[in-house]
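See below for the structure under consideration.
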Amino acid sequence: MFILPKLDYAYDALAPYIDSHTMEIHLNKHHQAYIDNLNKALQGHPELVSWSLEKLLIDIDLVPQDIRIAIQNHGGGHYNHTLFWKIMTPKSKIVHGKLEQKIVQWFGSRELFVQSFENVAKTRFGSGWAWLVVDKQGELKIYSTANQDTPLMVGDMPLLGLDVWEHAYYLNYQNRRPDYIVAWWNVVNWEFVEERYCQLIG
Ligand SMILES: [Fe+2]
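Pasting the structure below:
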């Protein structure tokens, strides 16, 4: 049984960039619903009990067909949101580490990286996520996915993920998704992301 993770900070800690009410509903209603539906889908499949959440998504093609879409949507929803809470912090500060070096090498500058990520997040039509990932070759990529599709399903490891579903910003920003995207950089937990990157590249 998968359970809801605890936040490392208070609901109101990310305000004014992300408001307390949005955080509370996002975690306790939306994220919880993905977990409930994931657990429900797995109920009829005891052979999958030993599979981790990551394995269910990386090996999505091996998941029995009758629950594959449910695992994709709700397993993806659980994984993406769990990462999302971790990559935010009220004590955001830029880290000048290996990831920054790679970002500058790959995108030309930190500013060009930010621009490119924002562009992908703004132009994702409908609900989905914007990602910075490390691919199998250890290179960085920026792209978006629809719904709760996760980079794990195509063999990439997500470093940064921005939820651009309306449920992530509508109470505070209404239709102004670009304002939410720009504000989000103020709460990115670069220390966590740097550590994750260093673990991934070994
Ligand atoms: Fe969400």
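Each number in our numbering comes from the position in the sequence shown (counting from 1) with 4 added on. We put the CB at the ideal spot given by N, CA and C, even for glycine.
(request) Using the DSSP secondary-structure output, state which residues sit across from Tyr147 in a beta bridge. (result) According to DSSP, residue pairing for Tyr147 in a beta bridge involves Trp135.
(message) DSSP three-state label for Val99, please.
(response) Assigned with DSSP and collapsed to three states, Val99 falls in coil, not helix or strand.
(request) Using alpha carbons as the reference points, say which of Gly79, Ala134, Ile71 lies closest to Trp169. (result) Nearest Cα to Trp169 within the set Gly79, Ala134, Ile71: Ala134.
(message) Report the CB separation of His35 from His85 in whole angstroms; it is logged as a contact under 8 Å.
(response) Confirmed, Cβ separation roughly 4 Å.
(request) Let me have the residue list for ligand 1: C-beta closer than 6 Å to any non-hydrogen atom, ordered along the chain. (result) Taken from the N-terminal end onward, the list reads His30, His34, His85, Asp167, Trp169, His171, Ala172.
(request) Within 10 angstroms of the Cβ of Arg180, are there 16 or more other Cβ atoms? Answer buried if so, exposed if not. (result) Burial state of Arg180 is exposed, judged by a 10 Å Cβ sphere holding fewer than 16 other Cβ atoms.
(request) For Val192, write down the residues that DSSP places opposite it in a beta bridge. (result) Met92, per the DSSP bridge assignment.
(request) Might you give, ordered along the chain, the residues of its own chain that have their beta carbon closer than 6 Å to the beta carbon of Pro155, omitting 5 neighbours on each side? (result) So the list reads Trp135, Val137, Pro162, once near-sequence residues are dropped.
(message) Taking a contact to mean a Cβ-Cβ separation below 8 Å, would you say Ser24 touches Tyr13 in this structure?
(response) In this structure, the beta-carbon distance from Ser24 to Tyr13 does not fall below 8 Å.
(message) Could you pull the DSSP bridge partners for Pro162 from this structure?
(response) Val137, per the DSSP bridge assignment.
(request) Spatial neighbours of Leu57 within its chain, please: CB distance less than 7 Å, with the 5 preceding and 5 following residues excluded, ordered by chain position. (result) Phe6, Gly79, His82, Tyr83.
(message) Less than 6 Å between C-beta atoms, sequence neighbours within five positions excluded: which residues of the same chain meet that for Tyr173?
(response) So the list reads Tyr184, once near-sequence residues are dropped.
(request) Given a cut-off of 8 Å, decide if Glu198 and Leu87 are closer than it, judged by their beta-carbon atoms. (result) Not a contact, by the Cβ cut-off of 8 Å.
(request) Give the straight-line distance between the Cα atoms of Val186 and Trp55, rounded to the nearest whole angstrom. (result) Each residue's Cα considered, the two are about 37 Å apart.
(message) Going by the DSSP bridge assignment, what does Asp167 pair with across the sheet?
(response) Beta-bridge pairing links Asp167 to Trp133.
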